[in-house]
Amino acid sequence: VGMPKMGSSSLHEFFKCAGHNSSHYTCGPRPRGKGKKGPGLRCATCMEEAFRTGKPMLASCGGVSRKNPNGYSAFMQMDYNRPGKTCFFPQMLPYLDLIHKESPNATFVLLSRPL
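In terms of this note's numbering, the sequence shown opens at residue 228 and continues consecutively.
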């Protein structure tokens, strides 16, 4: 539940090493189609769409659910930011409240480092 560049990659690797299905920045397969390149679908893009359509943000983006018992049990760096254009930070209010309602027993880790 931190901001970018606070150690989310390290925590992601820790969760993977501990046997969790962990997501870092991407929450799905790479978009398909002519000229589509890069990593998978950004978690923030998926979660923003889920929010706008009234769907659960974690389950809609690959999180553990009844329909997807092997989904992600850990999400790291869920945001995106395009300076001067747009950004979406699911780890900030009011979205964080919705994530907590969806997964009330989740553990939230606040990552920080000296700047």
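Idealized CB from N, CA, C, for every residue including glycine. This one's a predicted model, so the numbers in the text were calculated from it and none came from an experiment.
Reduced DSSP secondary structure (H/G/I, E/B, other) of residue i
| i | result |
| --- | --- |
| Ser235 | helix |
| Met284 | coil |
| Ala430 | A question about residue 430 goes unanswered here, because the residues of the chain that appear run from 228 up to 342. |
| His247 | coil |
| Ala271 | helix |
| Ala299 | Checking the sequence, you will find Tyr at residue 299 rather than Ala. In this structure, Tyr299 counts as strand in the three-state DSSP scheme. |
| Phe241 | helix |
| Tyr307 | strand |
Local Cβ density within 10 Å of residue i, reported as buried at 16 or more and exposed below that
| i | result |
| --- | --- |
| Met303 | buried |
| His251 | buried |
| Pro317 | buried |
| Phe242 | buried |
| Phe315 | buried |
| Gly311 | exposed |
| Glu275 | buried |
Straight-line Cα distance separating residue j from residue i
| i | j | result |
| --- | --- | --- |
| Met319 | Thr272 | 15 Å |
| Pro331 | Pro296 | 17 Å |
| Met284 | Phe278 | 6 Å |
| Val336 | Gly267 | 24 Å |
| Leu325 | Ala286 | 12 Å |
| Ser236 | Ala333 | 19 Å |
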